[in-house]
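Here is the structure we will look at.
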Amino acid sequence: MSAFDTAWALLKMPIVPGSFRSFNPLGLQTAHVDAMFNDPETKDSHPIEISMGEDIIEAKIKNALRLEGFPLANATFRRGTDSHGISQKDFSSEGSETKDQFQRRGYMSALYDIVSTLLAQRNENLVPDHIQTPDGESFWEVKGGKHVWPVRDDL
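Numbering (the numbering used here), first residue to last: 1076 to 1230.
Spelled out as structure tokens, the structure:
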């Protein structure tokens, strides 16, 4: 990755440094991760919430002004089943959405970055699904067309 690529990545994925924390209350099977996301346009900080089970991961960025209601961005990731070329050590998106007015600001990239980092801690990967929309394909192309989402080492 060039110096420009690194700088651009940091600008487009504004996860607040030091806000990343993971906890597993009462030793439950589902771990929870919280972080904060800074919108690069409005400068508003929004909470990131991730629920991480053995076979499914749900990630969302909530609206700090209205914590109840629909998230600004959300994604669900599911463990592969060895069908369609996705191994059981890999997760892929089952669906994702960023509200129209918040697109192209790094919301979904931030969710993918955190999930990829968490999966790497379990020796697992985030990979593209075998079925993608054109937007999904170009989202992965931004990462250089890689077959595994890169892991950030600064989280």
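Glycine included, each C-beta is placed from N, C-alpha and C at the ideal position.
Since this is a predicted model, take the numbers as computed values, not measurements.
Find the nearest neighbour of A1106 within the set Q1163, I1123, M1127, judged by alpha-carbon distance. M1127
Quick one: any contact between the region 1174–1181 and the region 1212–1221, if contact means 3 or more CB pairs under 8 Å? no
Taking buried to mean at least 16 other C-beta atoms within 10 Å of its own C-beta, is P1145 buried or exposed? Sequence inspection shows Phe at residue 1145; the Pro mentioned does not correspond to that position. Result: exposed.
Length at least 4, wholly inside the region 1154–1187: the alpha helix (DSSP H) runs in chain order: none
Pull up the CB-CB distance for I1132 and L1147, whole angstroms please, since I reckon it's below 8 Å. Not a contact, Cβ separation roughly 18 Å.
I need the boundaries of the alpha helix (DSSP H) containing S1213, first residue and last residue. 1209–1216
Grouping DSSP H, G and I as helix and E and B as strand, with all else coil, what is S1094? coil
Can you have a look at K1123 and say buried or exposed, based on whether 16 or more other CB atoms are within 10 angstroms of its CB? In the sequence on display, residue 1123 carries Ile and not Lys. Buried is the call here.
Is T1151 helix, strand or coil when you go by DSSP? strand
Beta-ladder partner(s) of E1124, from DSSP: D1109, K1135
8 Å CB neighbourhood of H1222 in its chain, flanking five on each side removed: V1202, P1203
Going by the DSSP bridge assignment, what does N1200 pair with across the sheet? D1165
If distances are taken between C-alpha atoms only, which option among D1114, R1153, K1164, R1154 comes closest to L1140? D1114
C-alpha distance - D1109 paired with E1199, whole-angstrom precision: Between D1109 and E1199, the alpha-carbon positions lie close to 20 Å from each other.
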